[in-house]
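Participant:
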């Protein structure tokens with residue numbers, strides 16, 4: 001029986017580039033920006049890194065295929081570099097590669113870097129991709145907002161929620177994230193917004209308006225991991241360890257079998273249950289201090305709160321409206337501003353979420369610092385509600 | 401007797417008010433003011449001669465199955481399927497790829513049948529029907545499906561734009577249980593160039609109407625009718641229904657008069673509500689006449705004109721009333737005409753017919769990918785026929801058909817038999833109206849549909865406007881253009897969901 005990842009791997013250092021429309025920078029420069037911060041934070045030399053994982057999604061418009069872009073950009077010392085592509089959960093999966101490498105004993109120190117350069121396309125929003133040779137010949141003519149907006153119609157029908165009530169709840173989600181993002185100098189969008197602004201914004205995909213959608217940004221994030229023992233030897237105190245790291249992938253049942261009702265993420269529920277078990281968390285609503293949700297769209301965040309067992313099924317709207325997930329609420333969500341304010345450079349987002357949890361747990365989150373958080377969680381989702389990759393990572397202070 | 405054993409019709413849902421066309425052009429041509437009457441049918445952006453033919457043929461074959469007491473599955477059964485499919489059109493999407501073969505594939509007909517595109521003239525429709533009678537009479541095929549369909553092409557501000565309409569009709573021709581018997585036919589081939597369209601051009605070049613009427617129609621058609629009557633041994637006065645169309649005012653009246661056919665025999669040309677549907681039109685009018693006025697024993701004369709003419713004499717059997725009141729009731733041209741929605745936006749017509757150069761945005765470039773034809777072929781059952789799978793182990797119906805059963809409790813390998821989804825009842829589970837993604841008719845409506853008997857997939861909705869869609873709504877599948885690779889001119893087809901509407 002597997003013993004799980006809990007407390008076997010520590011975060012030695014992390015870095016995160018400024019996210020935004022980085023017209024002056026390519027993916028290479030963004031990777032260097034994030035890596036340099038992580039390396040300085042770790043307090044090691046580049047030659048001490050044994051292996052690296054690179055996460056990117058759109059190779060066509062970014063750095064291309066393979067691990068070479070990272071190896072070359074950082075002038076890594078001819079170590080193993082693997083490229084990980086797992087849709088929008090690529091960052092979490094690259095982190096998983098580095099964490100597993102350390103946990104196995106194959107590496108002492110491993111690196112995960114996620115990056116995406118999205119603003120070289122010539123238009124707003126995510127670029128379309130074909131998904132192979134068969135899919136474009138029959139898949140519905142959709143976009144990310146349209147695919148995620150599907151959740152709203154099913155959630156409304158299942159829980160008998162009016163369009164107005166749902167719109168107001170998801171507007172509150174965006175207002176909350178913007179309020180948090182306004183305190184983060186690395187975020188792309190740093191202005192607060194009002195509920196009225198959100199509700200009156202133009203429709204992107206019914207019922208999602210402009211402010212229900214996360215930004216589209218360039219950015220990179222990096223994590224350097226090692227064992228708790230090596231971290232201590234390197235002089236680290238207040239060590240943050242990985243408590244759980246789980247991925248769950250759709251197998252086509254949501255999209256092809258009539259057992260799923262369209263209102264939730266089947267995979268997130270599985271990944272969350274496994275992660276809580278791995279971390280030894282039995283009452284997540286009471287034990288999780290804070291979390292970063294994959295809020296690509298406000299409706300995603302709403303249903304995910306239930307999928308992560310933080311809100312009761314059908315109870316997320318009430319929790320949102322009473323401020324349960326606000327910065328001063330019981331479980332602050334997107335305390336850094338989330339995808340909503342950072343935007344979503346695909347390969348970087350999973351590691352960017354961990355960066356905020358790491359800052360909060362080490363007391364370095366500045367104006368956003370929460371009082372004494374002990375358990376942080378990231379939820380990183382790739383694909384669409386009908387077919388996706390869900391990653392749940394739990395990090396926390398290493399018990400003495 | 402050889403004759404027509406079933407028929408079906410299809411007219412695109414959109415009906416463009418001629419007032420909208422006239423309003424756009426009357427500044428340049430004040431003479432148009434008097435032509436702002438009625439409406440013409442217009443294809444949605446994702447319809448063409450092939451998709452309309454599929455729908456007309458589907459209506460025909462499904463009604464024929466019902467008429468025979470069979471389920472829709474019988475349509476594809478090699479024992480009951482037609483032996484050949486003829487498609488008449490001069491607006492086929494492909495100049496060299498069998499368009500009738502696409503129609504046949506979409507209908508799920510067995511690959512053991514013959515297919516043929518009949519084209520090159522406005523009389524292709526009557527010609528195809530005539531050849532079907534011959535093929536059945538001669539014993540080449542037991543029965544033949546004849547579809548005629550045209551997505552008319554006309555320049556903005558041309559007379560054709562006002563006169564034309566888009567539509568399709570389909571007949572099965574067989575040797576027993578006929579609704580209408582084939583009596584006799586005569587033809588003429590005369591290279592009379594009333595209009596022409598070079599193979600490389602999109603639009604017709606048309607000569608003077610008075611000359612077409614006096615030298616062409618009046619000169620060519622009456623002698624052929626006279627020969628036909630002589631061959632059949634009947635008098636002109638015995639023709640109860642005269643089916644012929646012309647966009648030239650009173651030209652057909654003149655021919656009837658000249659031939660001694662009673663004015664009361666002239667069948668409605670449907671100009672007011674449909675427009676002239678090209679090669680399909682004589683057969684569209686025929687179907688309409690069979691549904692609305694032809695009685696058992698009546699003689700029906702059908703004429704198709706174009707570089708000569710075909711004149712076909714038919715006679716209704718005793719079965720016709722039961723067909724039109726029963727199995728054929730919702731399948732024909734009459735029902736198709738009733739399923740319309742008014743359109744007053746002429747700009748939409750221009751856009752859908754590529755008559756203006758539109759800014760589509762960079763997102764439209766995504767459709768210009770090279771289609772893997774190997775995949776299109778390998779998955780032709782799925783892509784063209786909408787064939788999914790049924791697991792023989794657990795019974796789960798699923799789309800697409802794959803090696804491993806999608807039922808999480810089953811996961812059996814290699815157990816799936818083909819299962820057609822074309823006629824499966826379905827309803828909407830989730831949806832959105834997407835303003836971001838490119839479509840020629842924004843917003844892009846799509847969502848998850850679940851089939852009542854099992855299976856689901858995310859699909860495009862078509863023939864909908866904002867506010868039409870809601871969770872739980874019943875939908876049916878229609879064969880439509882999925883996207884177009886504008887670089888290579890390749891049209892991709894797939895199936896889309898359309899709300900089931902009362903009208």
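Residue numbers (our numbering), protein chains in the order written: chain A, 1 to 400; chain S, 401 to 903.
The beta carbon of each residue, even a glycine, is placed where N, CA and C say it ideally should be.
Judging by CA-CA distance, which residue of 542/S, 539/S and 547/S is the nearest neighbour of residue 527/S?
Facilitator: Along the second chain, read from residue 1 onward, the residue named residue 527/S stands at position 127. Among 542/S, 539/S and 547/S, the Cα nearest to that of residue 527/S belongs to 547/S.
Participant: With a threshold of 8 Å, are at least 3 pairs of Cβ atoms found where one atom belongs to the segment 29 to 45 of chain A and the other to the segment 321 to 329 of chain A?
Facilitator: No, the segment 29 to 45 of chain A is not in contact with the segment 321 to 329 of chain A.
Participant: Kindly identify the DSSP beta-bridge partner or partners of residue 893/S.
Facilitator: Working through the second chain from its first residue, we reach residue 893/S at position 493. Note: residue 893/S sits in a beta bridge opposite 881/S.
Participant: In chain A, what lies closer than 8 Å to residue 798/S by C-beta?
Facilitator: Here residue 798/S corresponds to residue number 398 of the second chain, with the count starting at 1. Those within 8 Å of residue 798/S in chain A are 256 and 257.
Participant: Looking at the unbroken alpha helix (DSSP H) that takes in residue 352/A, where does it start and where does it end?
Facilitator: Within the first chain, the letter at position 352 stands for residue 352/A. First-last of the alpha helix (DSSP H) with residue 352/A: 346 to 361.
Participant: Determine whether the Cβ of residue 783/S lies closer than 7 Å to any Cβ atom of chain A.
Facilitator: Walking along the second chain from the start, residue 783/S turns up at place 383. Taking Cβ atoms only, chain A reaches closer than 7 Å to residue 783/S, which makes this a yes.
Participant: Under three-state DSSP, which class holds residue 909/S?
Facilitator: Residue 909/S falls outside the range modelled here, since chain S spans only 401 to 903, and no answer is possible.
Participant: How would you label residue 761/S, buried or exposed, when you count the other beta carbons within 10 angstroms and need 16 or more for buried?
Facilitator: Here the question's residue 761/S lines up with position 361 in the second chain. Exposed is the call here.
Participant: Near residue 403/S, which residues of its chain fall below 6 Å by C-beta distance, leaving aside the five closest residues on each side in sequence?
Facilitator: To locate residue 403/S, count along the second chain from 1; it is residue 3. Contacts found: 578, 580, 581 and 582.
Participant: Is it buried or exposed for residue 561/S, if we count other Cβ within 10 angstroms and need 16 for buried?
Facilitator: Looking up residue 561/S in the second chain gives position 161. The residue in question, residue 561/S, is buried, as its Cβ has 16 or more Cβ neighbours within 10 Å.
Participant: With distances taken Cα to Cα, identify the nearest neighbour of residue 260/A among 54/A, 158/A, 88/A and 110/A.
Facilitator: Position 260 of the first chain, counted from the first residue, corresponds to residue 260/A. Ranking 54/A, 158/A, 88/A and 110/A by Cα distance to residue 260/A puts 158/A first.
Participant: Any chance the segment 563 to 577 of chain S sits against the segment 391 to 398 of chain A, with 3 or more Cβ pairs inside 8 Å?
Facilitator: Judged by Cβ distances under 8 Å, the segment 563 to 577 of chain S makes no contact with the segment 391 to 398 of chain A, as fewer than three pairs qualify.
Participant: According to DSSP, is residue 379/A helix, strand or coil?
Facilitator: Walking along the first chain from the start, residue 379/A turns up at place 379. Of the three classes helix, strand and coil, the one that applies to residue 379/A here is strand, per DSSP.
Participant: Since residue 831/S meets chain A, which of its residues come closer than 7 Å, beta carbon to beta carbon?
Facilitator: By one-based count along the second chain, residue 831/S stands at place 431. In chain order: 150 and 153.
Participant: What span of residues does the alpha helix (DSSP H) with residue 72/A cover, start to end?
Facilitator: The residue labelled residue 72/A in the question sits at position 72 within the first chain. It spans 68 to 73 - the alpha helix (DSSP H) in which residue 72/A sits, taken as one unbroken run.
Participant: By a C-beta neighbour count over all protein chains shown, 10 Å radius and 16 as the cutoff for buried, is residue 299/A buried or exposed?
Facilitator: The residue labelled residue 299/A in the question sits at position 299 within the first chain. The residue is buried, with at least 16 neighbouring Cβ atoms inside 10 Å.
Participant: With 16 as the cutoff for other CB atoms within 10 Å, does residue 163/A come out buried or exposed?
Facilitator: Along the first chain, one-based indexing puts residue 163/A at 163. Residue 163/A comes out exposed.
Participant: Just list the alpha helix (DSSP H) runs in the segment 725 to 808 of chain S, keeping only unbroken ones of 4 residues or longer that don't cross its boundaries, in chain order.
Facilitator: Segments of the alpha helix (DSSP H) lying fully in the segment 725 to 808 of chain S: 733 to 738, 746 to 752, 773 to 778 and 780 to 783.
Participant: Considering only their Cβ atoms, is the gap separating residue 624/S from residue 588/S smaller than 7 Å?
Facilitator: Locating residue 588/S in the second chain gives position 188, where the first residue counts as 1. Locating residue 624/S in the second chain gives position 224, where the first residue counts as 1. Yes.
Participant: Can you check whether the C-beta of residue 808/S is within less than 7 Å of a C-beta belonging to chain A?
Facilitator: Numbered from 1 along the second chain, position 408 holds the residue referred to as residue 808/S. Cβ-Cβ to chain A under 7 Å: yes for residue 808/S.
Participant: State the CB to CB distance for the pair residue 401/A and residue 351/A, rounded to an integer number of angstroms; the pair is presumed to be in contact (CB under 8 Å).
Facilitator: Nothing about residue 401/A can be read from this structure; chain A reaches only from 1 to 400.
Participant: Tell me where the beta strand (DSSP E) around residue 818/S begins and ends.
Facilitator: Taking the second chain and counting its residues from 1, one reaches residue 818/S at position 418. Per DSSP, residue 818/S belongs to the beta strand (DSSP E) from 816 to 820.
Participant: Going by DSSP in three states, residue 342/A sits in which element: helix, strand or coil?
Facilitator: Position 342 of the first chain, counted from the start, is the residue given in the question as residue 342/A. Correct three-state label for residue 342/A: helix.
Participant: Using only CA atoms, which one of 507/S, 886/S, 888/S and 876/S lies nearest to residue 897/S?
Facilitator: Position 497 of the second chain, counted from the start, is the residue given in the question as residue 897/S. Closest option to residue 897/S, Cα to Cα, is 876/S.
Participant: In the DSSP output, what is residue 596/S paired with across the bridge?
Facilitator: In the second chain, counting from the first residue as 1, residue 596/S sits at position 196. Beta-bridge pairing links residue 596/S to 605/S.
Participant: Roughly how far, in whole angstroms, is the beta-carbon of residue 284/A from the beta-carbon of residue 308/A, given that I think they are within contact range, below 8 Å?
Facilitator: Numbered from its first residue, the first chain carries residue 284/A at position 284. Numbered from its first residue, the first chain carries residue 308/A at position 308. Yes, residue 284/A and residue 308/A are in contact; Cβ-Cβ is about 7 Å, under 8 Å.
Participant: Going along the chain, which residues of its own chain have a beta-carbon closer than 7 Å to the beta-carbon of residue 136/A, five neighbours each way excluded?
Facilitator: As a first step, residue 136/A must be located in the first chain, where it is residue number 136. Only 130 meet the Cβ criterion.
Participant: Mind listing which residues of the segment 380 to 394 of chain A have their C-beta closer than 7 Å to chain S's C-betas, in chain order?
Facilitator: Listed by position along the chain: 386.
Participant: What residues from chain A crowd round residue 766/S, counting only those whose CB sits closer than 7 Å?
Facilitator: As a working note, residue 766/S is residue 366 in the second chain. Neighbours of residue 766/S on chain A, chain order: 128.
Participant: Quick one: what's got a C-beta closer than 7 Å to residue 353/A's C-beta in the same chain, skipping five residues either side?
Facilitator: Here the question's residue 353/A lines up with position 353 in the first chain. Excluding positions up to five away in sequence, the list reads 292, 378 and 380.
Participant: At 4 residues or longer, what runs of the alpha helix (DSSP H) sit wholly inside the segment 675 to 733 of chain S?
Facilitator: Listed in chain order, the complete alpha helix (DSSP H) runs (minimum 4 residues) inside the segment 675 to 733 of chain S are 681 to 692 and 720 to 725.
Participant: Which residues of chain S have a Cβ atom closer than 7 Å to the Cβ of residue 134/A, listed in chain order?
Facilitator: Residue numbering aside, residue 134/A sits at position 134 when the first chain is read from its first letter. Residues of chain S passing the Cβ test: 775 and 779.
Participant: So which residues of chain S does residue 281/A contact, with C-beta pairs closer than 7 Å?
Facilitator: Reading the first chain from its first residue, position 281 is the one you call residue 281/A. Chain S residues near residue 281/A: none, gap ~26 Å exceeds 7 Å.
Participant: Quick check: the Cα distance between residue 41/A and residue 78/A, rounded to an integer number of angstroms?
Facilitator: For the purposes of this step, residue 41/A is identified with residue 41 of the first chain, where counting begins at 1. For the purposes of this step, residue 78/A is identified with residue 78 of the first chain, where counting begins at 1. Using only the alpha carbons, I get a separation of about 22 Å.
Participant: Determine the chain S residues that contact residue 314/A at a beta-carbon separation under 7 Å, and present them in chain order.
Facilitator: Within the first chain, the letter at position 314 stands for residue 314/A. Result: empty, since nearest Cβ-Cβ is about 16 Å, beyond 7 Å.
Participant: Can residue 176/A and residue 368/A be called in contact, C-beta distance under 7 Å?
Facilitator: Within the first chain, residue 176/A is the residue found at index 176, counting from 1. Within the first chain, residue 368/A is the residue found at index 368, counting from 1. Contact: no.
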